[in-house]
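Okay, so here's the structure we're looking at.
Protein chains: 2
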Amino acid sequence: MKDPKSEQTQGCEIANIWEVLGRRWTLLILKNFCTKEVIRFNELKRSLSGISSTVLSDRLLDLEREGLLSKKIYPEIPPKVEYRMTPQARELESIINELRKWADRWKSPQLQKA
Amino acid sequence: MKDPKSEQTQGCEIANIWEVLGRRWTLLILKNFCTKEVIRFNELKRSLSGISSTVLSDRLLDLEREGLLSKKIYPEIPPKVEYRMTPQARELESIINELRKWADRWKSPQLQKA
DNA sequence: CCGTATCCTAGCAGATACTG
DNA sequence: CAGTATCTGCTAGGATACGG
Numbered sequence: 007m008k009d010p011k012s013e014q015t016q017g018c019e020i021a022n023i024w025e026v027l028g029r030r031w032t033l034l035i036l037k038n039f040c041t042k043e044v045i046r047f048n049e050l051k052r053s054l055s056g057i058s059s060t061v062l063s064d065r066l067l068d069l070e071r072e073g074l075l076s077k078k079i080y081p082e083i084p085p086k087v088e089y090r091m092t093p094q095a096r097e098l099e100s101i102i103n104e105l106r107k108w109a110d111r112w113k114s115p116q117l118q119k120a
Numbered sequence: 007m008k009d010p011k012s013e014q015t016q017g018c019e020i021a022n023i024w025e026v027l028g029r030r031w032t033l034l035i036l037k038n039f040c041t042k043e044v045i046r047f048n049e050l051k052r053s054l055s056g057i058s059s060t061v062l063s064d065r066l067l068d069l070e071r072e073g074l075l076s077k078k079i080y081p082e083i084p085p086k087v088e089y090r091m092t093p094q095a096r097e098l099e100s101i102i103n104e105l106r107k108w109a110d111r112w113k114s115p116q117l118q119k120a
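Protein chains in written order, with our numbering: chain L, 7 to 120; chain Y, 7 to 120.
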């Protein structure tokens with residue numbers, strides 16, 4: 007895996023919020039926090055059909071570093087970790103909810119032809 | 007990528023639009039149509055620092071196929087092609103505009119420390 | 001100017017193993 | 001359960017060059 011120190015010395019590895027949002031899976035991950043306030047790792051993984059643990063882990067870190075998500079670790083066996091949006095990201099939640107509603111209404115042209 | 011038709015025949019139409027939105031660059035491309043109604047290829051390429059012609063071309067096709075964008079070709083030399091959002095995608099425009107305003111307000115935690 | 005063809009690297013999935 | 005580590009193999013995506 008990549009070395010976190012090298013990233014720190016170079017400053018911010020991800021220049022801005024748009025780059026994070028522009029990455030694969032990010033939007034889909036955030037969408038899930040609009041239907042459910044608190045989500046656990048494997049729960050999220052199951053709802054994102056096709057994502058690997060590695061990449062999900064990476065994206066969650068991205069979002070955590072950007073301050074959009076926070077995690078709560080329960081020192082239990084088996085482990086339990088909860089992810090949720092930060093208060094600052096709540097505003098984003100309503101926007102994505104609108105996007106969700108728009109997408110639900112959306113029918114691609116190919117289907118309309120049928 | 008997997009064949010989109012196979013998804014359609016299975017009736018999973020909504021997954022399509024999210025898959026397009028979830029792809030790299032898509033959101034950034036759409037963002038540009040909120041500040042400018044009509045955009046040309048190289049103009050778009052210039053504002054998306056880092057994207058290649060190949061991928062921009064791919065994404066524009068994705069969005070055209072999904073019915074979000076339309077292109078107007080002027081039979082001139084040198085060629086001139088204009089891209090714009092379709093009327094049906096206008097609703098999306100306002101949502102992304104909100105997202106844009108949110109992002110402008112957003113300061114990542116790393117920056118706030120300074 | 002608007003792309004496509006080509007080549008090549010980086011990102012990602014999938015499997016498996018390991019840890020707390 | 002919630003990850004991290006490693007390897008294989010495939011595909012998305014970047015760089016460049018060229019053609020309409």
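Note that the Cβ used here is the ideal one computed from N, Cα and C, for glycine as well.
Pull up the distance between the alpha-carbon of Ile35/L and that of Glu72/L, whole angstroms please.
In the first sequence, the residue the question calls residue 35/L occupies position 29. In the first sequence, the residue the question calls residue 72/L occupies position 66. The alpha-carbon atoms of Ile35/L and Glu72/L are separated by roughly 14 Å.
On the criterion of 16 or more Cβ atoms from any shown chain inside 10 Å, does Asn22/Y qualify as buried, or is it exposed?
Against the second sequence, residue 22/Y aligns to sequence position 16. Buried, because 16 or more other Cβ atoms sit within 10 Å of the Cβ of Asn22/Y.
Measure from the C-beta of Leu105/Y to each C-beta in chain L and report whether the shortest distance is under 8 Å.
The residue given as residue 105/Y occupies position 99 in the second sequence. Output row for Leu105/Y: interface = yes.
Just tell me which of Trp31/L, Leu74/L, Glu70/L and Asp64/L has its CA closest to the CA of Ser53/L.
Against the first sequence, residue 53/L aligns to sequence position 47. Ranking Trp31/L, Leu74/L, Glu70/L and Asp64/L by Cα distance to Ser53/L puts Trp31/L first.
Check for me: the beta strand (DSSP E) holding Lys86/L runs from which residue to which?
As a working note, residue 86/L is residue 80 in the first sequence. Its beta strand (DSSP E) spans residues Lys86 to Met91.
Do you know how far the Cα of Leu98/L is from the Cα of Lys42/L?
If you number the first sequence from 1, residue 42/L lands on position 36. If you number the first sequence from 1, residue 98/L lands on position 92. Near 14 Å, if we compare the C-alpha coordinates of Leu98/L and Lys42/L.
Against chain L, with Cβ distances strictly below 8 Å, would Ile45/Y count as a contact?
The count along the second sequence starts at 1 and reaches residue 45/Y at position 39. It does not: the Cβ of Ile45/Y has no partner Cβ on chain L nearer than 8 Å.
Starting from Ser76/Y and walking both ways along the beta strand (DSSP E), at which residues does that stretch end?
In the second sequence, the residue the question calls residue 76/Y occupies position 70. Looking at the DSSP string, the run of the beta strand (DSSP E) that includes Ser76/Y is Leu75 to Tyr80.
If the cut is a Cβ gap below 7 Å, which residues of chain L does Glu97/Y touch?
On the second sequence, position 91 is the one that residue 97/Y refers to. Those are Trp108, listed as they occur along chain L.
Rounded to a whole number of angstroms, what is the C-alpha to C-alpha distance between Ile57/L and Lys51/L?
Counted from its first residue, the first sequence places residue 57/L at position 51. Counted from its first residue, the first sequence places residue 51/L at position 45. Their backbone Cα atoms lie some 7 Å apart in a straight line.
Closer than 8 Å between beta carbons: that is the criterion. Which residues of the segment 21-43 of chain Y meet it against chain L?
Within the segment 21-43 of chain Y, the residues whose Cβ lies closer than 8 Å to some Cβ of chain L are Asn22, Ile23, Trp24, Leu27, Gly28, Arg29, Arg30, Trp31, Thr32, Leu33, Leu34 and Lys37, listed in chain order.
Quick check on Ile101/L - is its C-beta less than 8 Å from some C-beta in chain Y?
Here residue 101/L refers to the residue found at position 95 of the first sequence. Yes, because at least one Cβ of chain Y sits closer than 8 Å to the Cβ of Ile101/L.
Are the beta-carbon atoms belonging to Met91/L and Leu74/L less than 8 Å from one another?
For this step, residue 91/L is matched to residue 85 along the first sequence. For this step, residue 74/L is matched to residue 68 along the first sequence. Taking 8 Å as the Cβ cut-off, Met91/L and Leu74/L qualify as a contacting pair.
Would you tell me roughly how many angstroms separate the C-alpha atoms of Ile79/L and Trp112/Y, rounded to the nearest one?
Taking the first sequence and counting its residues from 1, the one referred to as residue 79/L is at position 73. Taking the second sequence and counting its residues from 1, the one referred to as residue 112/Y is at position 106. C-alpha separation (whole angstroms): 26 Å.
Verify whether the separation of the beta carbon atoms of Val87/Y and Phe47/Y is less than 8 Å.
Taking the first residue of the second sequence as 1, we reach residue 87/Y at position 81. Taking the first residue of the second sequence as 1, we reach residue 47/Y at position 41. Yes, the Cβ-Cβ distance between Val87/Y and Phe47/Y is below 8 Å.
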